[in-house]
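Below is one structure; the comments refer to it alone.
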Amino acid sequence: MRRLNPVCSPDQPSRQIVRQAIEWSLRLQAHSSDASVHEQCARWRAQNPEHECAWQRIQALNSELSTQFKALPVSTAAFEALEQGTQRLSRRRALTLLSGTAVLGAGAWLARDLGPVQQWRADYATGFGQLGRFQLADGTQLRLNTDSAVDQDFSAGQTLIRLVRGEMLVTTPSPPAGQRPLQVRSRHALFETLGGGFVVRQDDDMTRLSVSTGQVLIRLPGASPVEVRADQQYVVSATRATLVPQPEMDAEAWLERLIVTRDMRLRTFLAEVGRYRRGFLGCTDDIADLRLSGVFRLEDTDRLLAVLAQTLPVQVNYRTPWWVTLRGQV
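Numbered per my numbering, the sequence shown finishes at 336, counting up by one with no gaps.
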């Protein structure tokens, strides 16, 4: 089981504390030779264990990109605004810019509901662009997609799998006679099966269920169970389950590091590709509704974007390696 740093409490640091840790990180980058700034930061970290917890996590998230941050042109003006609160660039705007450039890792943490913390606390987890394969004690096999986290609970003769974030394929054998069904819980619903294979994906506002073999029951509070059969896909909110008659994406293609689309909007497609790379990936409004159908490989997302530029009337603009925008061709 992945464990938190010993200084961390079981609860996640608040967003306010995380933002303070980001500010201190930025000040130290801007004033690396100023001993007084280092002393002030040390005092802030010592004030509360939650401060140190947030600090350690911010540093871990930024470590991969730290050598590139200083080269970004926005940094100087943003640091000045952060320190002085000038009218030219407000303090809040400075933090926004730096969260999108010099502190991409920390900004992404805030934007994704502190996802890396969830991963560190989970029984099984994958990072950006990683796929994972795990086997539970009862023989259930899990395949985790990019940026996913799962907890398990064996009690009272039943297996409960909690999808903390991301997406997974569950393959489970039929249980012995008298054994209770395997359960999977997302933030929106409870799913039960007596054997089979199915994909569960948790998004902010809904959970997607796609069954390949066997049957799965969707259980929502105050509602009758919904039976989902092989080759069916549902989207599930906290109050209802809706059949998707023609899915725009193959639910299991990611197992082969592929995206298989059917008449998908470009903006939606880029959001899918963005799950496999760090930073921002988007497009301008004028090309957002272009449609894509095809098979796309995910091993090299920069190469994938280059292919898009050859097949669609778009151009790929790299502000930095981690801030990419597609625009219409001029």
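The C-beta atom is built at its ideal place from N, Cα and C for all residues, glycine as well. Nothing here was measured: the structure is a model prediction, and the numbers come from that model.
A straight-line Cα-Cα distance of about 43 Å links Ala131 and Val336.
Rounded to the nearest whole angstrom, the CA to CA distance from Leu169 to Leu175 is 11 Å. Residue pairing by DSSP puts Arg333 in a beta bridge opposite Gln321. Collapsing the DSSP output to three states places Phe134 in coil. In the DSSP assignment, Ala52 falls within the unbroken alpha helix (DSSP H) covering 41-53.
When the beta-carbon positions are compared, Gln208 and Phe197 stay at least 9 Å from each other. Bridge partners of Glu198 according to DSSP: Gln189, Leu223. Where Leu296 is concerned, there is no enclosing alpha helix (DSSP H), because DSSP gives it neither an H nor an E. Between Arg171 and Ala195, the C-beta gap is not smaller than 9 Å, which leaves the two residues out of contact. Between the C-alpha atoms of Ala60 and Val24 there is a straight-line separation of about 5 Å.
In this structure, Thr219 lies near Ala236, with their beta-carbon atoms less than 9 Å apart. In this structure, DSSP gives Leu304 a state outside helix and strand, which the three-state scheme calls coil. Within the model, the alpha-carbon separation for Ser161 versus Leu249 is close to 32 Å. Of the residues Pro231, Ala128, Phe275, the one whose Cα lies closest to the Cα of Gln158 is Ala128.
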